[in-house]
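Asker: Read in order, the letters of the sequence shown are residues 808 to 955 in the working numbering.
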Amino acid sequence: MIDTTFSRVDMGSVAESVLRDLLPEYRVLRYTVPGIKDIPGAARRLIDMGCEGLITLGWVGPAEVDKLSYLAMSVGLITLSVLTGKVIVDVTVHEDEASDPRELKEIAVNRARAHAENLAKLLKGGLDALRPLAGQGIRQGRPSVGPL
Numbered sequence: 808m809i810d811t812t813f814s815r816v817d818m819g820s821v822a823e824s825v826l827r828d829l830l831p832e833y834r835v836l837r838y839t840v841p842g843i844k845d846i847p848g849a850a851r852r853l854i855d856m857g858c859e860g861l862i863t864l865g866w867v868g869p870a871e872v873d874k875l876s877y878l879a880m881s882v883g884l885i886t887l888s889v890l891t892g893k894v895i896v897d898v899t900v901h902e903d904e905a906s907d908p909r910e911l912k913e914i915a916v917n918r919a920r921a922h923a924e925n926l927a928k929l930l931k932g933g934l935d936a937l938r939p940l941a942g943q944g945i946r947q948g949r950p951s952v953g954p955l
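(1) Compute the distance between the beta-carbons of Pro-869 and Glu-913, then report whether it is under 8 Å.
(2) Which same chain residues, not among the five before or five after Ile-895, have their C-beta less than 6 Å away from its C-beta?
(3) With a threshold of 8 Å on Cβ separation, who are the neighbours of Leu-929 within its own chain once the five nearest residues in sequence on each side are excluded?
(4) Is Val-898 helix, strand or coil by DSSP?
(5) With DSSP as the reference, label Ile-862 as helix, strand or coil.
(6) Curious, which full-length beta strand (DSSP E) runs of at least 3 residues does the segment 885 to 934 contain?
(7) Under DSSP, the alpha helix (DSSP H) around Ile-984 begins and ends at which residues?
(8) Take the Cβ of Val-867 as the centre, count every other Cβ of all protein chains shown within 10 Å, and call the residue buried at 16 or more, exposed below.
(9) With H, G and I counted as helix, E and B as strand and the rest as coil, what does DSSP make of Val-816?
(10) Between which two residues does the alpha helix (DSSP H) holding Ala-936 run?
(11) Arg-827 and Val-835 - do their beta-carbons sit closer together than 8 Å?
(12) How would you call Val-898, buried or exposed, if buried means at least 16 neighbouring beta carbons within 10 angstroms?
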């Protein structure tokens with residue numbers, strides 16, 4: 808897993824706890840980098856070390872430059888996933904998702920937990936692991952909206 812010092816919530820500890828509980832037979836590595844632009848390079852290093860899947864935990868500030876940094880990071884992670892064939896679950900919290908700090912923390916914690924559970928399912932269950940949940944309007948960090 809990769810998290811950042813820029814984040815205002817320790818999402819890495821949340822995800823790490825979930826992964827250690829759900830994947831006791833796996834070695835869980837945690838790599839903390841300064842900010843989201845550092846995540847793709849860190850992800851490549853972990854893949855080169857033999858990681859089968861990754862969860863990245865990024866925090867995006869409210870300024871336009873932050874959003875552009877997120878876009879660059881996202882493209883980097885998508886490219887890395889395509890080129891390596893590895894599962895990369897990107898967990899991102901945008902600081903302007905909520906104005907109340909308590910709500911923002913709740914979003915971050917819930918999103919980190921839910922996506923760590925998703926990564927565990929994908930690593931253990933393979934391609935079909937999330938199929939039963941397809942089209943269900945499930946949200947991570949916010950209430951699910953249900954299917955149409």
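Where a beta carbon is used, it is the ideal one built from N, C-alpha and C, also for glycine.
Answerer: If we stick to the structure as given:
(1) no
(2) Leu-861, Leu-884, Ser-888
(3) Gly-860, Val-894, Val-896, Ala-936, Leu-937
(4) strand
(5) strand
(6) 894 to 901
(7) Only positions 808 to 955 of the chain appear in the structure, and residue 984 is not among them; the question remains open.
(8) Buried.
(9) coil
(10) First-last for Ala-936: undefined, no H or E at that position.
(11) yes
(12) buried
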